[in-house]
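Have a look at the structure below, then the notes.
Protein chains: 2
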Amino acid sequence: MKSLHKVSRILDCFSAEEPRLGLNDIAEKTGLPRTTVHRVLSSLKDIGLIVQDRNRDDYRLGLRFLSIGGIILSDLDVPRHAREPAAALMHQTGEAVHICVFDGGNVVSIDRHEMDGNRNEIVRQEREPPYCTGTGKAILAALPDETARKLVVKEWKKFTENTITQEDRLFHELAIIRARGYSVDDEERQNGIRCVGAAIRHQARVVGAISVTGPKQRFPESRIPVLADLVTATAARIGLSIEQG
Amino acid sequence: MKSLHKVSRILDCFSAEEPRLGLNDIAEKTGLPRTTVHRVLSSLKDIGLIVQDRNRDDYRLGLRFLSIGGIILSDLDVPRHAREPAAALMHQTGEAVHICVFDGGNVVSIDRHEMDGNRNEIVRQEREPPYCTGTGKAILAALPDETARKLVVKEWKKFTENTITQEDRLFHELAIIRARGYSVDDEERQNGIRCVGAAIRHQARVVGAISVTGPKQRFPESRIPVLADLVTATAARIGLSIEQG
DNA sequence: CTGCCTATTCCGGTATGTGGAACAAGGAAG
DNA sequence: CTTCCTTGTTCCACATACCGGAATAGGCAG
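Residue numbers (my numbering), protein chains in the order written: chain A, 1 to 245; chain B, 246 to 490.
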């Protein structure tokens with residue numbers, strides 16, 4: 001179904017940085033003819049996935065995506081079971097904790113617990129490239145190589161000096177992660193930020209990942225294994241609580 | 246684009262109650278031939294909007310919806326600006342407060358602040374039929390009749406004795422809401438539950454709604470206007486804070 | 001008013017999606 | 001183990017629904 005791939009490319013144009021786009025922007029980004037883009041957008045408007053305030057205004061993503069997102073959230077085990085252990089991990093380590101979920105094709109960050117005085121604020125739903133984050137690499141490493149390879153076909157964007165941008169480099173690292181049971185993101189996504197992650201499993205299937213994140217100074221080599229123990233224990237605890245329903 | 250309407254009908258099959266469906270379920274619900282459903286689902290799988298754990302397993306909505314939902318959330322003004330006033334309203338009234346957003350086509354509930362001891366818990370993203378809730382009716386009433394009519398074409402499900410199931414009844418009520426500036430849901434969605442709502446406007450455009458909800462006993466006729474004053478004031482305050490960026 | 005930029009409509013050819021029918025793959029029952 | 005039945009999946013010839021270049025309409029700035 002070719003038309004749906006066009007839909008996909010068009011949806012890909014939207015991002016948190018550019019949530020509103022004109023027809024020509026989209027045509028240019030996708031390389032599709034303007035007419036075709038217009039027809040697809042027009043149909044997406046019909047079904048509520050795209051919204052245009054007035055004719056000749058920019059296009060935006062429709063709230064129907066949020067509504068559908070709500071259905072997914074209510075069906076996911078990870079967010080429910082992870083919240084409490086994640087908060088505990090945050091207090092144990094004093095560092096920010098990320099939770100993300102995995103459905104076999106996408107890695108999506110759904111919760112972030114941050115130390116903010118004594119309270120923990122929850123921010124939701126951000127996009128995460130799978131090859132350059134602690135959680136993403138933990139998930140990739142927990143999958144068979146073949147499956148993992150399908151998830152990294154996208155473009156390799158270099159966020160920092162340390163970002164991995166070669167497939168064989170990545171799979172070498174995944175092997176290490178597999179062996180020791182946790183992943184480390186050493187300033188690969190953002191300068192000055194390190195991160196230790198582990199996959200969450202449910203009935204032998206990878207369903208998500210958890211990680212602690214913080215400034216390099218607070219994450220010396222010596223502390224990594226200590227954090228890793230806590231992270232993997234929390235990941236296991238979450239997995240276990242899911243098993244029990 | 247006919248195929249996208251099929252996509253829409255297929256997506257509509259999924260709900261919080263039935264987040265996982267088999268091919269035949271979907272074919273039956275939509276009335277589409279099994280082969281067609283299979284082809285569409287297969288393509289939706291390709292682009293990450295639908296997920297199937299293993300071949301011959303049930304189909305589920307893909308996490309990409311969540312990821313896209315995150316983009317929308319970050320672009321919406323209402324959630325950011327409404328949280329604080331909504332919490333204040335909850336404490337003023339001692340009742341649960343709902344926030345929903347509107348994009349010209351869909352009404353989606355995004356926040357619910359509930360009195361739970363002294364803490365307020367935030368639950369997110371539920372689906373709301375627009376004709377039978379305080380927030381939904383407040384939004385419909387804030388729109389020109391013609392626009393509102395386009396939003397209520399769907400089926401009229403009778404949730405309780407009081408649910409409005411006739412278009413002229415609804416528009417009669419909308420006129421009243423328009424005149425007095427707030428909406429009342431008198432056990433129209435759920436027995437024993439009343440609710441007072443008002444639309445949130447941003448630059449003369451309706452962008453959402455806010456409401457207080459509670460058991461009938463705590464919402465006598467005499468209290469409604471009192472609550473309405475607080476709700477409309479809060480709605481206006483939210484609208485104002487959006488204007489200012 | 002004029003020029004230039006958008007979004008939108010038109011239309012004939014053909015690629016693209018269509019859906020009935022046949023096929024495989026598990027699961028349940030005997 | 002075998003049989004039967006239900007489920008998802010593949011095949012293929014047909015015709016329809018999509019394609020995209022070119023022309024149109026509508027807004028905004030100068």
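For each residue, glycine too, the CB sits at the ideal point set by N, CA and C.
**Request:** Return the first residue and the last residue of the alpha helix (DSSP H) that A/Phe65 is part of.
**Result:** Arg64 to Asp75
**Request:** Can you grab the Cα-Cα spacing for the pair A/Val196 / B/Leu318, in whole Å?
**Result:** 28 angstroms
**Request:** Could you please give the first and the last residue of the uninterrupted alpha helix (DSSP H) stretch that includes B/Pro470?
**Result:** Ile469 to Glu488
**Prompt:** Per DSSP, which one or two residues make a beta bridge with B/Ser456?
**Reply:** B/His343 and B/Gly442
**chain B within 9 angstroms of A/Leu63, Cβ atoms only** = yes
**Asked** A/Ala179 and A/Val231: beta carbons closer than 9 angstroms?
**Response** Going by C-beta atoms, A/Ala179 is not nearer than 9 angstroms to A/Val231.
**Request:** Output, in sequence order along the chain, the residues in the segment 73 to 88 of chain A whose CB is closer than 7 angstroms to any CB in chain B.
**Result:** Result list: Leu73, Ser74 and Asp75.
**Message:** Just to confirm my understanding: we take B/Leu259, look at its own chain, exclude 5 residues before and 5 after, and list those with CB closer than 6 angstroms. What are they?
**Reply:** Sequence inspection shows Phe at residue 259 of chain B; the Leu mentioned does not correspond to that position. The residues are Leu306.
**Item:** Given A/Tyr59 as reference, the closest of A/Leu21, A/Thr35, A/Asp116 and A/Asp229 once Cα atoms are compared
**Value:** A/Leu21
**Item:** Interface positions of the segment 249 to 273 of chain B facing chain A (Cβ-Cβ less than 8 angstroms), listed along the chain
**Value:** Residues Leu249, His250, Val252, Ser253, Leu256, Phe259, Ser260, Ala261, Pro264 and Arg265.
**Asked** According to the neighbour-count rule (16 or more other Cβ atoms, all chains shown, within 10 Å of its Cβ), is A/Ala204 buried or exposed?
**Response** exposed
**Message:** So if DSSP puts B/Ile295 in a beta bridge, which residue, or which two residues, is it bridged to?
**Reply:** B/Leu306
**Message:** Output needed in chain order: residues of the segment 98 to 109 of chain A with a Cβ under 9 angstroms from some Cβ in chain B.
**Reply:** Val101, Phe102, Asp103, Gly104, Gly105, Asn106, Val107, Val108 and Ser109
**Item:** Proximal chain B residues relative to A/Val51, where beta-carbon distance stays under 9 angstroms
**Value:** Those within 9 angstroms of A/Val51 in chain B are Asp348, Gly349, Gly350 and Asn351.
**Message:** Using the Cβ count rule (16 or more neighbours within 10 Å means buried), how would you classify A/Ile260?
**Reply:** No answer is possible for residue 260 of chain A: it lies beyond the span of chain A, which begins at 1 and ends at 245.
**Prompt:** According to a CB-to-CB cut-off of less than 9 angstroms, which residues of the segment 276 to 293 of chain B neighbour chain A?
**Reply:** Arg284, Val285, Ser287, Ser288, Leu289, Lys290, Asp291, Ile292 and Gly293
**Asked** Does the Cβ of B/Asp302 have 16 or more other Cβ atoms within 10 Å, making it buried, or fewer, making it exposed?
**Response** exposed
**Request:** Identify the contact partners of A/Met1 in chain B, using a Cβ-Cβ distance below 9 angstroms as the criterion.
**Result:** By Cβ distance, chain B contributes Ser248, Arg284, Val285, Ser287, Ser288, Leu289 and Asp291.
**Asked** How do the segment 382 to 390 of chain B and the segment 414 to 421 of chain B stand: do at least 3 beta-carbon pairs fall below 8 angstroms, yes or no?
**Response** yes
**Prompt:** Distance, Cα to Cα, B/Glu273 vs B/Glu340?
**Reply:** Roughly 42 angstroms between the two C-alpha positions.
**Asked** If you count every other CB in all the chains shown that lies within 10 Å of the CB of A/Pro33, and 16 or more means buried, which is it?
**Response** Burial state of A/Pro33 is exposed, judged by a 10 Å Cβ sphere holding fewer than 16 other Cβ atoms.
**Message:** When you compare the CB positions of B/Glu342 and B/Ser456, do they come within less than 9 angstroms of one another, or not?
**Reply:** The identity of residue 342 of chain B in the sequence shown is Val, whereas the question assumes Glu. Yes. Within cutoff.
**Asked** What number of angstroms, rounded off, separates the C-alpha of A/Gly181 from the C-alpha of A/Arg201?
**Response** 12 angstroms
**Asked** From the beta carbon of A/Ile224, is the nearest beta carbon of chain B less than 9 angstroms away?
**Response** no
**Prompt:** Which residue or residues does DSSP assign as beta-bridge partners of B/Ser288?
**Reply:** Looking at the DSSP assignment, B/Ser288 forms no beta bridge with any residue, so it has no partner.
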